[in-house]
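J.: Before we start, here is the structure in question, set down as C-alpha cells.
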Amino acid sequence: MSNARSAFTAALLALAVACGSDSSSTDPGTKPPPAASVASVDLSPQTAEVIIGHTSKLNAIPRDAAGNALAGRTVSWASSNASIAAVDNNGLVTGAAAGNATITASSEGKSATAAITVKADAPVVAVAKVSIGTAPDTVEAWEPAIMVATTRDAKDSLLTGRLIRWSTSNPAVALIDSVTGVLTGIDRGTITVTATSEGKVGTRSQVVVIKYRSISAGTMHACDLASGGIAWCWGLNGAEGRIGSDQLSSSSMSSTPVKVPGNLRFTQLATFGRHTCALTGEGKAYCWGYNGWGALGGNTNVGQSFTPVAVAGNLTFRSITAGSDHACAVTMDFVAYCWGNNDWRQLGTGNNATASSPVPVTGGANFVSIAAGASFTCGVGQLNGVAYCWGANSIGQTGDGQKINYGNAFVSTPQQVVGGLGFKSLSLGNQYACGVTTAGQGYCWGSNGTKLGAGPTNDSSSPVAVLGGYTFRSISAGALHACGVTTTNAVYCWGRNGNGELGVAPPNGGSASDTPLRAGGTFTASEVSAAGTGTGSSGHTCAISVDRLTAYCFGRNDVGQLGNGATTSASVANATPVIIVGQKPL
Numbered sequence: 002m003s004n005a006r007s008a009f010t011a012a013l014l015a016l017a018v019a020c021g022s023d024s025s026s027t028d029p030g031t032k033p034p035p036a037a038s039v040a041s042v043d044l045s046p047q048t049a050e051v052i053i054g055h056t057s058k059l060n061a062i063p064r065d066a067a068g069n070a071l072a073g074r075t076v077s078w079a080s081s082n083a084s085i086a087a088v089d090n091n092g093l094v095t096g097a098a099a100g101n102a103t104i105t106a107s108s109e110g111k112s113a114t115a116a117i118t119v120k121a122d123a124p125v126v127a128v129a130k131v132s133i134g135t136a137p138d139t140v141e142a143w144e145p146a147i148m149v150a151t152t153r154d155a156k157d158s159l160l161t162g163r164l165i166r167w168s169t170s171n172p173a174v175a176l177i178d179s180v181t182g183v184l185t186g187i188d189r190g191t192i193t194v195t196a197t198s199e200g201k202v203g204t205r206s207q208v209v210v211i212k213y214r215s216i217s218a219g220t221m222h223a224c225d226l227a228s229g230g231i232a233w234c235w236g237l238n239g240a241e242g243r244i245g246s247d248q249l250s251s252s253s254m255s256s257t258p259v260k261v262p263g264n265l266r267f268t269q270l271a272t273f274g275r276h277t278c279a280l281t282g283e284g285k286a287y288c289w290g291y292n293g294w295g296a297l298g299g300n301t302n303v304g305q306s307f308t309p310v311a312v313a314g315n316l317t318f319r320s321i322t323a324g325s326d327h328a329c330a331v332t333m334d335f336v337a338y339c340w341g342n343n344d345w346r347q348l349g350t351g352n353n354a355t356a357s358s359p360v361p362v363t364g365g366a367n368f369v370s371i372a373a374g375a376s377f378t379c380g381v382g383q384l385n386g387v388a389y390c391w392g393a394n395s396i397g398q399t400g401d402g403q404k405i406n407y408g409n410a411f412v413s414t415p416q417q418v419v420g421g422l423g424f425k426s427l428s429l430g431n432q433y434a435c436g437v438t439t440a441g442q443g444y445c446w447g448s449n450g451t452k453l454g455a456g457p458t459n460d461s462s463s464p465v466a467v468l469g470g471y472t473f474r475s476i477s478a479g480a481l482h483a484c485g486v487t488t489t490n491a492v493y494c495w496g497r498n499g500n501g502e503l504g505v506a507p508p509n510g511g512s513a514s515d516t517p518l519r520a521g522g523t524f525t526a527s528e529v530s531a532a533g534t535g536t537g538s539s540g541h542t543c544a545i546s547v548d549r550l551t552a553y554c555f556g557r558n559d560v561g562q563l564g565n566g567a568t569t570s571a572s573v574a575n576a577t578p579v580i581i582v583g584q585k586p587l
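Count along the sequence shown starting at 1, add 1, and that's the number in our numbering.
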C-alpha cells in the first residue's frame with residue numbers, strides 16, 4: 002500500500018516537470034514589473050507669437066528615459082500670466098493682451114515651457130497720397146470710362162485694399178459712380194475728378210467731348226447724330242415736323258440744332274425729303290416728319306409726326322435709308338424691306354401698292370446696304386458688292402444700260418446694274434445714283450446735267466466714272482449736286498452751285514461744275530452729305546470734321562439749313578463752311 006502511494010506521488014512530480022510547471026508562479030506574493038515613468042516632456046513649439054484675440058496650438062508629448070513617447074499620460078497646462086496668454090487643457094493658447102507669458106506643460110512631475118509673445122494687430126499704415134491713373138485726358142460723352150486710383154503711404158509704398166470714393170466738380174458735364182469710379186460724360190466741358198481715401202485726395206482734370214457720328218442733309222434741313230446716339234436737326238421744320246420741333250407751320254424753322262424728342266438713342270440716321278429715319282442700337286427703326294403714303298412706316302393714318310414713330314413689324318435692321326417719300330431698311334439676315342409711296346415701284350414688290358409698314362423686296366437678292374432716292378431705290382448685294390436698282394427709270398437711273406426713253410418707265414423688282422462693278426456703298430439723288438467701288442473709284446449714272454461728275458456727257462443708263470482719278474471713301478448724291486470724301490479726307494463736289502453748295506463761290510466758270518471741285522479750299526472731313534429733295538430747294542451741304550468734334554454746313558441758308566444761328570436770302574451763296582451752333586469743342 003505504501004509502495005503504491007509512493008509511485009503515485011512520483012508520477013505527479015514527473016507530470017509537473019513535463020508540463021514545465023514552476024512552483025514559483027503560484028506564489029501569491031509575486032507582483033508585475035512597474036510601468037515606465039515619465040522622464041521628460043517634449044513641448045513644441047518652444048516659442049510662438051500670438052495676435053490679440055487669436056490662438057496658437059502647443060503640443061506636449063511625455064517620454065520615457067529612452068526617449069520613447071508614452072501614451073495615455075495626463076498633461077496639465079499652466080500660464081505664467083493668463084491675463085496676457087491663457088491656455089486650455091488641450092494646449093490651445095489665446096492671446097489676451099500684449100506682452101510675454103510662459104506656458105508650462107507638466108506630466109508626472111516633469112515639465113517643459115514655451116515662451117509666448119502676444120502682439121496687437123499689425124499697425125495700420127495711413128494713406129499719405131492718392132493719385133488717379135492714366136485714363137485718357139479726353140473722354141467722349143456717353144462712353145463710360147473707368148477711373149483708377151492708387152494709394153501710397155508716407156514712404157511712397159503702394160497700399161492696397163483701401164476704400165476710395167469718387168466725385169466730379171460738375172455733374173452737369175460728367176457723372177461718376179462714387180464706388181466704382183465709372184465716369185460718364187453727358188456734355189462737353191472740363192471737369193475735375195476727385196478720388197478720396199482716408200482723408201487724402203487725388204485730382205485729375207478731365208476733358209469731355211461730344212463727337213458727331215453721322216450727318217444727313219434733307220430738303221432744306223439736316224440732322225446729325227452726336228455722342229450717345231442723340232439726334233439733332235435744324236432748318237425748315239414745316240408743317241411736317243421734319244426737324245423734331247412741335248412748332249408746326251409752313252414757315253416753322255430753326256437756325257440752331259433742335260434735339261429730336263423721345264429720348265431715343267440712335268446709331269444710324271438718314272434724311273432725304275421731308276422725313277428722317279433712324280436705327281437704335283438694338284436695330285429698331287423709327288421715322289419722323291412727313292407721313293404721306295405711310296412714309297414713316299408706323300402703319301398709322303397721321304399726316305405727320307414731329308416725334309419718332311416706331312416702324313411697324315417688330316423687325317431688326319442693320320441699315321436704313323430715306324427717299325423722297327419712301328424708306329427702306331435691311332434686316333440682320335440681309336433681307337430688304339421698304340415702305341411708303343410706290344407709284345414708281347420704288348418699294349420693289351412687283352406691284353404699285355403703297356405700304357404704310359415694311360414689305361419685303363422681291364427678287365431673291367440679299368443686301369448688305371440699301372439707298373433710297375427720288376422715286377427709286379438701289380442696294381449693294383451680299384455677293385461681290387453687285388448693285389441692284391428698282392423704281393423710276395425714266396432717265397436711266399436704275400442703271401440697266403438700256404436706251405433712255407424719257408417716259409414714264411419703271412422697274413418693279415431689283416435688277417442688276419450693268420458694268421460688273423463691285424460696290425461698297427451707294428447714294429441716290431434726284432434721278433441719278435452714285436457709288437464707290439470696292440477699289441474706291443467713283444461712278445454715277447442716270448440724269449446728268451453736271452450731276453454725274455463725268456464731264457459734258459449725256460444722261461447715262463450705265464455707270465460712268467467720276468473724273469479726276471480720286472480714291473473715295475464715300476459719295477453722297479443730293480438733289481442737284483454730289484460730294485465725296487477721298488481717302489486723304491479732301492472733299493470734292495460737283496453739280497449745281499447756285500448757293501455755293503459745292504464749297505466754291507460762284508461763278509466758278511458757270512453756276513455748276515460737271516467735274517469735281519475741291520470744296521472749301523483746304524477743308525477736310527470724315528463724312529459729307531449733299532442735300533436731297535422731296536419738295537422745295539436743297540442747295541446745301543453738311544460735313545463732319547476728321548476728328549468728328551465739329552460739324553459744318555455750306556450753301557443755301559434761307560431757312561436756317563446751315564445751322565449757324567443765322568439766315569440769308571435764298572439767292573445768297575455761302576460757299577465757306579460754317580460751324581453749326583454748339584457743334585464744336587469748347
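Glycine included, every Cβ here is placed at the ideal spot set by N, Cα and C. Model, not experiment: these values are computed from the prediction.
Considering Cα atoms alone, identify which of 180, 577, 455, 557 is closest to residue 569.
T.: Distances from the CA of residue 569 to each of 180, 577, 455, 557 were compared; the closest alpha carbon is that of 557.
J.: Residue 29 to residue 74, Cα distance in whole Å?
T.: Any answer about residue 29 is weak, because its pLDDT of 48 lies below 50 and its placement is not dependable; what the coordinates show is given next. C-alpha separation (whole angstroms): 30 Å.
J.: Have a look at residue 515 and residue 450 and give me their C-alpha separation to the nearest angstrom.
T.: One C-alpha to the other measures close to 8 Å.
J.: Using a Cβ-Cβ distance under 9 Å, would residue 52 count as near chain C?
T.: Judged by its chain identifiers, the structure shown contains no chain C, having just a single protein chain.
J.: So residue 150 and residue 177 are in contact, right, with Cβ under 8 Å, and what is the actual spacing, rounded?
T.: Contact doesn't hold; Cβ gap of about 11 Å is too wide.
J.: In whole angstroms, what separates the C-alpha of residue 94 from that of residue 156?
T.: Using only the alpha carbons, I get a separation of about 36 Å.
J.: The beta strand (DSSP E) spanning residue 287 covers which residue range?
T.: 286–291
J.: Could you tell me how far apart the beta carbons of residue 594 and residue 220 are, in whole angstroms, since I believe they sit closer than 8 Å?
T.: With the chain running from 2 to 587 in the structure shown, residue 594 is simply not present.
J.: Helix, strand or coil for residue 40 per DSSP?
T.: coil
J.: Reducing DSSP to helix, strand and coil, say where residue 428 ends up.
T.: strand
J.: Just reading off the beta strand (DSSP E) that residue 528 is part of, what are its end residues?
T.: In the DSSP assignment, residue 528 falls within the beta strand (DSSP E) that extends over 528–531.
J.: For residue 462, count the other beta carbons within 10 Å of its own beta carbon; 16 or more makes it buried, fewer makes it exposed. Which is it?
T.: buried
J.: Under 6 Å Cβ to Cβ from residue 192, same chain only, skipping five residues before and after it: list those, please.
T.: 169, 170, 171, 174, 175, 207
J.: Between which residues of its own chain and residue 517 is the CB-CB distance below 6 Å, once the five residues before and five after are set aside?
T.: 454, 469, 493, 495
J.: Go ahead and pull the three-state DSSP assignment for residue 470.
T.: coil
J.: Would you mind working out which of 42, 85, 268 sits nearest residue 52, comparing C-alpha positions?
T.: 85
J.: Measure the alpha-carbon distance for residue 572 versus residue 500 and round it to whole angstroms.
T.: 7 Å
J.: Please list, in chain order, all residues of the same chain as residue 228 whose beta carbon is under 6 Å from its beta carbon, the five residues on each side excluded.
T.: 141, 142, 143, 211, 212
J.: Name the residue from 56, 36, 54, 60 whose alpha carbon lies nearest to the alpha carbon of residue 47.
T.: Among 56, 36, 54, 60, the Cα nearest to that of residue 47 belongs to 60.
J.: In terms of alpha-carbon separation, which member of 179, 186, 254 lies closest to residue 560?
T.: Distance check between residue 560 and each of 179, 186, 254 places 254 closest, using alpha-carbon atoms only.
J.: Can you give the beta carbon distance from residue 435 to residue 416, rounded, assuming they're within the 8 Å contact cut?
T.: At roughly 18 Å, the Cβ-Cβ gap does not stay under 8 Å, so residue 435 and residue 416 are not in contact.
J.: Identify every run of the alpha helix (DSSP H) within the region 168–223, keeping only runs that are complete inside it and at least 4 residues long; order them along the chain.
T.: none
J.: Counting only the same chain and skipping the five closest in sequence on each side, list residues whose C-beta sits under 7 Å from that of residue 368.
T.: 331, 335, 337, 380, 381, 382, 383
J.: Can you check the region 92–134 for any beta strand (DSSP E) of at least 3 residues that lies completely inside it and give the ranges in chain order?
T.: You should have 93–96, 100–108, 111–120, 130–133.
J.: Whole angstroms are fine: how far does the CA of residue 203 sit from the CA of residue 167?
T.: 10 Å
J.: The beta strand (DSSP E) with residue 60 in it runs from where to where?
T.: 60–64
J.: Measure from the alpha carbon of residue 294 to the alpha carbon of each residue in 440, 108, 339, then state which is nearest.
T.: 339
J.: Can you tell me which residues form a DSSP beta bridge with residue 268?
T.: Answer is none; residue 268 lacks a bridge partner.
J.: Could you tell me which residues DSSP puts in a beta bridge with residue 141?
T.: 210
J.: Should residue 302 go down as buried or exposed, given a rule of 16 or more other Cβ atoms within 10 Å for buried?
T.: exposed
J.: From what residue to what residue does the beta strand (DSSP E) around residue 260 run?
T.: 254–260
J.: If I measure Cβ to Cβ from residue 414 and keep anything under 7 Å in the same chain, skipping five residues before and after, which residues do I get?
T.: 349, 351, 363, 364, 391
J.: Can you tell me whether DSSP reads residue 447 as helix, strand or coil?
T.: Assignment of residue 447 by DSSP, reduced to helix, strand and coil, places it in the strand class.
J.: Could you check if residue 316 is buried or exposed, using at least 16 other CB atoms within 10 Å of its CB as the buried criterion?
T.: buried
J.: For residue 42, which residues from the same chain have a beta carbon less than 8 Å from its beta carbon, with the 5 sequence-adjacent residues on both sides left out?
T.: 61, 62, 63, 64, 76, 106, 107, 108, 111, 112, 113
J.: Which runs of the beta strand (DSSP E) at least 3 residues long sit entirely within the region 466–524? Give them in chain order.
T.: 473–478, 482–487, 492–497, 513–519
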